[in-house]
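K.L.:
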């Protein structure tokens, strides 16, 4: 009945067929995610991911319909219009890829839009890794409670799990998905609490059933006990990175999220950054481009360099950029630009 496709951000896009039962299952697990986030039929949900081959928009839409909530299906882009609709239609919930709230905040500053005029109380964000520091900044500036939703096209789209208000980990819907955490190298299942790669088997999907699908996402089992919210499903930690987005530079391995965490500790630093890797004179050069807020002390570049040096045992170049200087793609943020020749 339906075809969707992965974004192909980290590899070749993957097509996923859905039967009518799969679409119904998707709506069911997404409705559960809304309820876990404290969203109900009386809410007004603005859905900002794109509607198309990407699964994000449709997943949030089907869940909202199953829940019985009002939907504002704006889709991607037109950020200034998004803010106006959010205000005028009194949206109480916003669904988005994880970095889109930052675009909303940026547009609000540029347009002198009064965020206090919004009725938002909940944000449900996913599709990208986002650090605890970034989460805190979004919650503080938008004055909302956020929830981290996980899922991917291969497993049916968003809806595999979400964290509740107790913040005790991401609840996985175990009647639809069996999850394991394995050693990324050996494939052996690791003990609860140990970090490894998330492996998913779908239990109810028909169009593309999966057995032990390796997602490349890194996480760990937080608990199998009853959560403070009352749910009994297994809980995972928030995704920590991906086995295929690890950066190797001069023999040092790190993930972009580690850089983000270090940057957002610095006052005057915006949420926009990009790691650029180049070849130079037979060697390699790493530059971290960082956008700063107006009036930021230029000496912050040296502080960032020291902090990254402590984190990575390296001394990458740090370039301060003016607001808006780093390119904003419409979809997922591009955090690493690797121009080194492939080996």
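In the numbering used here, the protein residues as written are 120 to 462. The C-beta atom is built at its ideal place from N, Cα and C for all residues, glycine as well. Computed from a predicted model, the values in this text were never measured in an experiment.
1. Tell me, which residues are paired with residue 410 by DSSP?
2. Considering only their Cβ atoms, is the gap separating residue 420 from residue 437 smaller than 8 angstroms?
3. Go through its chain and collect everything with a Cβ distance to residue 150's Cβ below 6 angstroms, but skip five positions before and after it.
4. Would the beta-carbon of residue 212 fall within 8 angstroms of that of residue 167?
5. According to the Cβ coordinates, are residue 266 and residue 156 closer than 8 angstroms?
6. Use the C-beta contact count for residue 85: other C-beta atoms within 10 angstroms, 16 or more gives buried, fewer gives exposed.
7. Using the Cβ count rule (16 or more neighbours within 10 Å means buried), how would you classify residue 195?
8. In or out: residue 449 buried (at least 16 other Cβ within 10 Å) or exposed?
9. How about residue 304 and residue 318: are their beta carbons less than 8 angstroms apart?
10. Report the rounded CA-to-CA distance for residue 122 versus residue 134, giving the unit in angstroms.
11. Could you tell me whether the stretch 250 to 270 touches the stretch 216 to 228, using the rule of 3 or more Cβ pairs below 8 angstroms?
12. Examine the Cβ distances between the stretch 345 to 365 and the stretch 164 to 179 and report whether three or more of them are shorter than 8 angstroms.
13. According to DSSP, is residue 365 helix, strand or coil?
14. Scan the stretch 185 to 270 and note each continuous alpha helix (DSSP H) run of 4 residues or more that stays entirely inside, going in chain order.
15. Residues in its own chain within less than 8 angstroms of residue 193 by CB, not counting five upstream and five downstream?
16. Would the beta-carbon of residue 403 fall within 8 angstroms of that of residue 459?
17. Drop a sphere of 10 angstroms on the beta-carbon of residue 343, count the other beta-carbons inside from all chains shown, and report buried for 16 or more, exposed for fewer.
18. Pair every Cβ in the stretch 264 to 279 with every Cβ in the stretch 321 to 330, then say whether three or more of these pairs are closer than 8 angstroms.
19. Measuring CB atoms only, is the stretch 369 to 381 touching the stretch 422 to 436, in the sense that at least three cross pairs come out at less than 8 angstroms?
20. Report yes if the C-beta distance between residue 287 and residue 279 is below 8 angstroms; otherwise report no.
21. So, under 8 angstroms CB-CB, residue 313 and residue 333 are touching, yes? Tell me the CB distance rounded to an integer number of Å.
22. Out of curiosity, what's the CA-to-CA distance linking residue 397 and residue 405?
23. Between residue 413 and residue 386, is the Cβ-Cβ spacing less than 8 angstroms?
24. Among the candidates 399, 455, 424, whose CA atom is the shortest distance from the CA of residue 391?
25. Hey, quick one: how far does the alpha helix (DSSP H) through residue 151 stretch, first residue to last?
P.N.:
Concretely, from the data shown:
1. 440
2. yes
3. 182, 185, 186
4. no
5. yes
6. The chain is shown from 120 up to 462; residue 85 falls before or after that span and cannot be answered.
7. buried
8. exposed
9. no
10. Looking at the two C-alpha atoms, the distance is approximately 7 angstroms.
11. At 8 angstroms Cβ cutoff, the stretches touch.
12. no
13. coil
14. 198 to 207, 219 to 230, 251 to 261
15. 165, 166, 167, 200, 201, 204
16. Note that the C-beta distance between residue 403 and residue 459 is below 8 angstroms.
17. exposed
18. yes
19. yes
20. no
21. With a Cβ gap of about 17 angstroms, residue 313 and residue 333 do not count as contacting.
22. 6 angstroms
23. no
24. Taking the Cα of residue 391 as reference, the smallest distance to any Cα among 399, 455, 424 is reached at 455.
25. Element bounds for residue 151: 139 to 155.
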